[in-house]
Amino acid sequence: MFVDAVLTRRAVDVRYRRWRAPQEVNRHLHPYGLVLKSGTWYLVAATDKGTATYRVAQVLDAVLCDEQFDRPQDFDLGAYWVSYLDDFQARRYTGTATVRLSPRGRRRLPDNVPPEVVRAVDSTATAVGDDGWVEAVIPVEGTEHACGELLRLGGDVEVVAPAELRQAMAATVGILARTYENKRPDGAPVRDAWRSLGNDEAPGR
674 MFVDAVLTRR
684 AVDVRYRRWR
694 APQEVNRHLH
704 PYGLVLKSGT
714 WYLVAATDKG
724 TATYRVAQVL
734 DAVLCDEQFD
744 RPQDFDLGAY
754 WVSYLDDFQA
764 RRYTGTATVR
774 LSPRGRRRLP
784 DNVPPEVVRA
794 VDSTATAVGD
804 DGWVEAVIPV
814 EGTEHACGEL
824 LRLGGDVEVV
834 APAELRQAMA
844 ATVGILARTY
854 ENKRPDGAPV
864 RDAWRSLGND
874 EAPGR
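Just so we're aligned, residue 674 is where the sequence shown starts under my numbering, counting upward by one.
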């Protein structure tokens, strides 16, 4: 239906679910175009407050109206989308963090963090020592999110700053260490269980 609305320049009334309260809202839209990004469709439409972007999957109900509208002649969907993404990223990342990465950690970045973080490392990385480690400044969404993201790199990353994120990383690693040092459900200590498999060395040694 949204394709028809865009092609015929007809308004639509939608019931939309958003992340903030109230979650379900009604909107009267003039659809300007559809954009596909990473397998997700987005509707770009004019509202009474300006042009906005809506995730099609979050539309709960939609009715095609008889009302027709004229799209501004100077509206460029491609230019709008680029501007929207830039603004989205600016709002998404609320701070920065200084991190150190091993050579392996840097190689693993593309598979574990967003492209924006990879680009930030590439543009700000400076060598620290002669073992290949680098220090870089990366954008972060928040302490909890950044902690979960960086933990994917294990021992190949160290947070230098801010202190709050460094402390969150240390606390999480401490919890993991205590978890794996406790006895297994069968009652055998983890390290003893590891040796029972024929290994002379405990994990991490």
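The beta carbon of each residue, even a glycine, is placed where N, CA and C say it ideally should be. All of these numbers come straight from a predicted model, not from anything done at the bench.
Nonlocal neighbours in the same chain, by C-beta distance under 7 Å from residue i, ignoring five residues either side
i: Arg728; result: Thr713 and Tyr715
i: Gly768; result: Val813
i: Tyr757; result: Thr726
i: Pro776; result: Gly805
i: Ile811; result: Thr769, Ala770, Val772, Val790, Ala793 and Val794
Bounding residues of the beta strand (DSSP E) (the contiguous stretch that carries residue i)
i: Leu733; result: Val732 to Gln741
i: Val810; result: Val807 to Val813
i: Arg728; result: Gly723 to Arg728
i: Val833; result: Val830 to Ala834
i: Val717; result: Thr713 to Thr720
Nearest-angstrom beta carbon gap, residue j and residue i [assumed within contact, 8 Å]
i: Val879; j: Ala809; result: Past the boundaries of the shown model lies residue 879; the chain is included only from 674 to 878, so the question cannot be answered.
i: Val794; j: Pro783; result: Contact flag wrong, Cβ pair sits at about 10 Å.
i: Leu824; j: Arg781; result: That belief does not hold up - the Cβ atoms of Leu824 and Arg781 are roughly 12 Å apart, past 8 Å.
i: Val676; j: Leu737; result: About 11 Å separates the two Cβ atoms, so there is no contact after all.
i: Val832; j: Ala770; result: 6 Å
i: Ala763; j: Met674; result: So it is not a contact: roughly 32 Å between Cβ atoms.
Of the listed residues the options, nearest to residue i (C-alpha basis)
i: Leu891; options: Ser775, Gly751 and Asp686; result: Residue 891 cannot be examined here, being either before or after the span of the chain that is shown, 674 to 878.
i: Ala725; options: Phe742, His703, Phe675 and Pro787; result: His703
i: Arg701; options: Trp692, Ala694, Val732 and Ser711; result: Note on identity: in this sequence residue 701 is His, with Arg being the wrong assignment. Here the closest residue by C-alpha is Val732.
i: Asp749; options: Lys722, Ala718, Gly778 and Asp739; result: Ala718
i: Asp803; options: His818, Asn785 and Leu774; result: Leu774
i: Cys820; options: Ala844, Ala798 and Val807; result: Ala844
i: Ser711; options: Pro788, Asp760 and Trp692; result: Pro788
i: Asp721; options: Trp692, Asp747 and Phe742; result: Phe742
i: Pro745; options: Asp739, Tyr766, Gly723 and Asp734; result: Gly723
i: Trp692; options: Met674, Thr681 and Ala730; result: Ala730
i: His818; options: Arg839, Ala798 and Val807; result: Arg839
Host alpha helix (DSSP H) of residue i (start-end)
i: Thr816; result: Thr816 to Leu823
i: Tyr686; result: Per the sequence shown, residue 686 should be read as Asp rather than Tyr. Where Asp686 is concerned, there is no enclosing alpha helix (DSSP H), although the beta strand (DSSP E) it sits in stretches over Arg683 to Arg690.
i: Trp754; result: Leu750 to Arg765
Residue i - DSSP class collapsed to helix/strand/coil
i: Val698; result: strand
i: Gly778; result: helix
i: Ala793; result: helix
i: Gly847; result: helix
i: Ala798; result: coil
i: Arg693; result: coil
i: Arg839; result: helix
i: Val679; result: helix
i: Pro788; result: helix
i: Pro704; result: strand
i: Thr769; result: strand
Same chain, Cβ closer than 6 Å to residue i, five either side skipped, listed in chain order
i: Gln696; result: Arg690
i: Asn699; result: Arg688
i: Glu822; result: Val786
i: Trp754; result: Val708
Spatial neighbours of residue i in its chain, beta-carbon cut-off 8 Å, leaving aside the 5 residues before and after
i: Glu837; result: Thr816
i: Val679; result: Pro704, Tyr705, Gly706 and Leu707
i: Asn872; result: Caution is warranted here: a pLDDT of 46 is assigned to Asn872, below 50, making its placement in the model unreliable, and the coordinate value is therefore given only provisionally. So no residue of the chain qualifies.
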